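Asker:
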Amino acid sequence: VPGASNTILEAVIPYCRMSLIQLLGKIPAQFSSEQTAEEMAILAYNRALKICRPGFPALGVGFTGSLATTRPKHGDHRFHLSTRTSDRLWVSTVTLAKGLRTREEEEILSSQFLLKAIANASKVPVEFTPQLNVSDVSTETERLFSEDEELEQLLNGEICFKVYPFSSGGQTSNAERKIILPGSFNPLH
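Numbering (my numbering), first residue to last: 1094 to 1282.
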């Protein structure tokens, strides 16, 4: 898509288990879970902070799932999404009715949820709603972070730095300036 490099910094799709293990730096308790999607989003957010222009908004996205396949599955058909921005973490799980859709239909539906999640996190109006069946189950949670929580995350190494808007008495020429608080020092000593 022309102009995508102005929006997308990087896309990493850890499809096989070993790829996901290397991305996370550990073996997840469950490969397809809310926790794994959340960890992926936080890693993506930190990576975005490191490679985007200083002060620009960053978004990390995590997605993992277990969809219809050629072999019988013991568990649910489901997918988990998570988005991380500077002040919020959003997580959603959708459990699909087994046998209702083909693999392609489940991929289309999960992709629609993913696009909607990215648009919502980016504060872009969304004009479509993915269609769930009455037997499908969708849950979501959103956690907003206070200034203190963001600083605590920085000090704990959960995020790599915190961006503050720069203000100097209302001069519009400084509107693009930011103060960046790095997480690579110990301010308590």
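Just so you know, even glycine gets a beta-carbon here, dropped at the ideal spot from N, CA and C. Keep in mind the model is a prediction, meaning the values are calculated, not measured.
When we look at the beta-carbon of Ser-1203 and count the other beta-carbons within 10 Å, is it buried (16 or more) or exposed?
Answerer: Per the 10 Å Cβ criterion, buried.
Asker: Run through the segment 1153-1235 for me and flag every whole alpha helix (DSSP H) of 4 or more residues, listed as ranges in chain order.
Answerer: Runs found: 1196-1214.
Asker: By Cβ distance below 6 Å, which residues in the same chain neighbour Thr-1265 in space, the five residues on each side in sequence not counted?
Answerer: For Thr-1265, the predicted structure reports a pLDDT of 47, less than 50, and the residue's modelled location is therefore unreliable. A value from the coordinates is still provided. Excluding positions up to five away in sequence, the list is empty.
Asker: When you compare the segment 1247-1254 with the segment 1183-1203, are there three or more beta-carbon pairs, one atom per stretch, that lie closer than 8 Å?
Answerer: The segment 1247-1254 is not in contact with the segment 1183-1203.
Asker: Which class does Leu-1102 belong to by DSSP, given the choice of helix, strand or coil?
Answerer: If DSSP states are grouped into helix, strand and coil, Leu-1102 belongs with coil.
Asker: Go ahead and label Asn-1267 buried or exposed: buried means 16 or more other beta carbons lie within 10 angstroms of its beta carbon, across all protein chains shown.
Answerer: Note that Asn-1267 scores 48 on pLDDT, short of 50, meaning its location in the model is unreliable; the coordinates nonetheless yield the value given after this. Label assigned to Asn-1267: exposed.
Asker: Answer with buried or exposed for Leu-1111, where buried requires no fewer than 16 other C-beta atoms within 10 angstroms of its C-beta.
Answerer: Reading the sequence as shown, one finds Met at residue 1111 and not Leu. Exposed: under 16 other Cβ atoms inside 10 Å.
Asker: Distance, Cα to Cα, Thr-1176 vs Glu-1131?
Answerer: Roughly 7 Å between the two C-alpha positions.
Asker: Out of Phe-1221, Ser-1239 and Ser-1185, point me to the one whose CA is closest to Phe-1156's CA.
Answerer: Ranking the options by Cα distance to Phe-1156, first place goes to Ser-1185.
Asker: Which whole-angstrom value describes the C-beta separation of Val-1187 and Arg-1171, a residue pair presumed to lie in contact below a C-beta threshold of 8 Å?
Answerer: Contact holds; Cβ gap of about 6 Å.
Asker: Determine the direct distance from the alpha carbon of Gln-1205 to that of Phe-1124, and round the result to whole angstroms.
Answerer: One C-alpha to the other measures close to 21 Å.
Asker: In the DSSP assignment, the alpha helix (DSSP H) including Ile-1135 goes from what residue to what residue?
Answerer: First-last of the alpha helix (DSSP H) with Ile-1135: 1127-1144.
Asker: Going by beta carbon distance, what residues of the same chain come within less than 7 Å of Glu-1235, once the five residues before and after it are set aside?
Answerer: Correct list, in chain order: Arg-1181 and Trp-1183.
Asker: Report back the beta-carbon spacing between Gln-1128 and Ala-1122 to the nearest angstrom; my notes put them in contact at under 8 Å.
Answerer: Contact flag correct, Cβ pair sits at about 7 Å.
Asker: Name the one or two DSSP bridge partners that Leu-1237 has.
Answerer: Beta-bridge pairing links Leu-1237 to Arg-1181.
Asker: Measuring straight from C-alpha to C-alpha, what distance separates Thr-1163 and Tyr-1108?
Answerer: Using only the alpha carbons, I get a separation of about 17 Å.
Asker: Taking the straight line between their C-alpha atoms, what separation do you get for Ala-1214 and Thr-1178?
Answerer: Between Ala-1214 and Thr-1178, the C-alpha separation is close to 7 Å.
Asker: If you count every other CB in all the chains shown that lies within 10 Å of the CB of Gly-1158, and 16 or more means buried, which is it?
Answerer: The residue is buried, with at least 16 neighbouring Cβ atoms inside 10 Å.
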